[in-house]
Each structure stands twice: as structure tokens, then as C-alpha cells.
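Below: one structure, written as C-alpha cells.
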Amino acid sequence: MDSERTLLVTGATGLQGGAVARRLLRDGWRVRALTRDPASARARDLAALGAVPVAGDLEDLASLAAACAGAHGVFSVQDFWAHGYEAEIRQGGNLVDAAKAAGVAHFVYASVGGATRTAGLGITHFETKAQIERRLIASGLAYTIFRPVSFLENFTQEAVLTRMFQRKAISFPFPGDRPFQLLAIEDEADLVAAAFRDPGTFLGRAIEIASDERSLSELAELVSAALGEDIGFREVPLDQFAAFAQQTEDAGLVAATKVGPSLVPQLRWNQTAPVGGWAADIDAVRRLVPTLRSLEAWVASIDWAALRQAHAPRGEPASDLVRSSAR
19 MDSERTLLVT GATGLQGGAV ARRLLRDGWR VRALTRDPAS ARARDLAALG AVPVAGDLED
79 LASLAAACAG AHGVFSVQDF WAHGYEAEIR QGGNLVDAAK AAGVAHFVYA SVGGATRTAG
139 LGITHFETKA QIERRLIASG LAYTIFRPVS FLENFTQEAV LTRMFQRKAI SFPFPGDRPF
199 QLLAIEDEAD LVAAAFRDPG TFLGRAIEIA SDERSLSELA ELVSAALGED IGFREVPLDQ
259 FAAFAQQTED AGLVAATKVG PSLVPQLRWN QTAPVGGWAA DIDAVRRLVP TLRSLEAWVA
319 SIDWAALRQA HAPRGEPASD LVRSSAR
């Protein structure tokens, strides 16, 4: 039956959901890509790969019921940064309820590392996910929860790249010589695919996931080598970072100008706990997906030449300053 091979992917036009949708398509699943606008460019790109964009909204219960009907599984991810605290909890719960009513066999939820270890610290975008986790577990649905650590792709956001090329340094409020756990979004997608492919190994589990554990100075050195120019690492004091966020200035992270009151407590936690507070057992994660990317492999997968061309300061020719590290 088609329903046995049909998966609903939320956030399908975003980074996490898009990576998951593409990976599931490669495994031969029928993918329903939930989107508010099936005619958008990103939705059309997924359709060209074989996905079926379906109109829906995490605030619209009827659209979620229709999207879940007949689906074998659901991949759930919500966007705190776009919608805020109450909306994320409500939207995550709406999808759990719709999946339960539709008889979905496997619900995979993208939470966050540290969701259950940071209560009371004011990290609201972690608190929302902890609440959704509890709602999912209480629902009785068969589930897998993945708790990603910091995404490597945070360092390829537009504001981060612009700042990096202007200052010739990766800026972050964390000591450059301390280990920090990092995750490639494509590794998360591989883990989600593995969970749907081999549910017996994953059902009923909540797993913190990371690709590698390295220092941010090492990241800067690898990016520098890929670009063929000096890119250093600069630790930004947290109070300075907080001021940037409050004044909506360029703090090096897109989210910082939107939700500093939530992000700053997270970064304070990152600063004070080992490996940034993250607790992924990377060897155990690698046993689940042996193809986890090392930091070197992730850097080599990025077309830094194209990024440099796009984000070079005005008046500075980019073409003679960079070489591509894409593989």
C-alpha cells in the first residue's frame, strides 16, 4: 500500500525539513512536504525531486488532519524563531494530536540537545521543545526524538558570513580552544532516514546527536585553508553579544537580532558547561549512522568560493582571493 511508504515532513521548505525530505526521497519513500505555499520556489524544487507538496499550516487543525491521513510516519520540526514560545508549543501539540488521530505508526520529532537539562535557565526555545517532547510521549504514539546540538550550518548563515569576511574571523561567544559539539544538518537527515528504515532500533528513544566534537579555532583553521586566506577565531564577550542583540546590531548570528532574550541564556549555558553543554555520545551515534561527517568533511562539502563571492565586502574582488573546497 502507498500509505505504508508515505511520510509527512513538516518544515519541508526550511533547512532541517528540506534536508530530511530530500534524504527520504533517496530512500524511496513517498514524501508529503507540508508547506503554507505549495507554489513557492522551494516547494517546486522538492516536487521536481518527487515530493508531493501539500498545503497546510501547523495552526490549522483541519489541514493537519488531511496531511496526516494515510501517512505511515511524520517528521516534526517547528520554528521557534519565527513564531515564538506559545506558538511553537501549540503547533507541536497540534501535529501530535493530528498524527495520533490519523493512526500514524512512527512520529519522529526534532527537539534540541539539552532540552531536559536546562529547566529554569530561561532558555525558552529549549523549554518549548521539552514541553512538546512530554506531549508526544504522553500521546501514546510510537516515537523517536532526536536532540541536535549546534548546527554547523549556523556558521554559513548570511549575517555570520558577512561578519566573517569583514573581520577575517569567525566570531562566537565561546572560547576558541575548548571542544564544542557540532552537527551537520545532512547527518541529522541521515539519522531520521535510519529511524524510519529501522524503527526497531530507534522506537521509544530520545537521542542527543552530534557529528563531531572540535574547537571553534579548528573550524576557523579549516575554513582558512579552504579559502586560501587567513580566517581567525575571535571570542566575543557575552555582554557585548547581548548588547548587539538588544540594539539589533550585527552580532554574528541572525537569530541574535530577533530573540536575544532566549539566545543569550543559551550561550551563557554553552559557556559554563563542558563541550558547550551538549551531551551527545558521538561514538554511539556513529554506530547508528557510520557516515557521520567529520569537521574536515563538512568544511570540504561547502563551496566557500561561492560564499566568498557572494559576501565579499564592496570594492574587494573575490575571484582572486579564494579557491573552492567543494567536493
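Taking the numbering used here, the leading residue of the sequence shown gets 19, the next gets one more, and so forth. Idealized CB from N, CA, C, for every residue including glycine. Because the structure is a prediction, the values reported are computed rather than measured.
Name the DSSP beta bridge partners of residue i, please?
i	result
I188	F251
T136	According to DSSP, which records beta bridges pairwise, T136 is partnered with nothing at all.
L17	There is simply no residue 17 to check, as the chain begins at 19 and stops at 345 in what is shown.
T219	Looking at the DSSP assignment, T219 forms no beta bridge with any residue, so it has no partner.
I225	F164
Looking at the unbroken alpha helix (DSSP H) that takes in residue i, where does it start and where does it end?
i	result
S81	79-86
A328	322-329
T146	142-157
D115	103-120
R305	300-306
W346	Look at the range of the chain in this structure, 19 to 345, and you will see that residue 346 is not part of it.
A30	That residue, A30, is in no alpha helix (DSSP H); it is neither H nor E in DSSP.
L64	59-67
Just reading off the beta strand (DSSP E) that residue i is part of, what are its end residues?
i	result
S94	91-94
R50	48-53
V72	70-73
A128	124-128
T24	24-27
Let me confirm a value: residue i is counted as buried when at least 16 other C-beta atoms fall within 10 Å, else exposed. Which label applies?
i	result
E206	buried
L271	Caution is warranted here: a pLDDT of 44 is assigned to L271, below 50, making its placement in the model unreliable, and no coordinate value can be reported.
E22	exposed
T309	exposed
D216	exposed
Q258	exposed
S242	buried
E104	exposed
G158	exposed
G218	exposed
A324	exposed
S312	exposed
G121	exposed
P255	exposed
D301	exposed
L67	exposed
R40	buried
P279	exposed
A269	Reliability fails at A269, whose pLDDT of 43 lies under 50, so the model's placement of it is uncertain and the value that follows must be treated cautiously. That one is buried.
T136	buried
G46	exposed
S168	buried
G222	exposed
Which whole-angstrom value describes the C-beta separation of residue i and residue j, a residue pair presumed to lie in contact below a C-beta threshold of 8 Å?
i	j	result
I227	A160	The Cβ separation is near 19 Å, so there is no contact.
T146	F98	6 Å
Q199	V70	The pair is not a contact, with the Cβ atoms about 35 Å apart (cut-off 8 Å).
I203	Q34	6 Å
A213	T162	5 Å
L170	G91	L170 to G91, Cβ: 26 Å. No contact.
N112	L76	6 Å
T180	I320	Rounded, the Cβ-Cβ distance is 16 Å, inconsistent with contact.
V130	R165	6 Å
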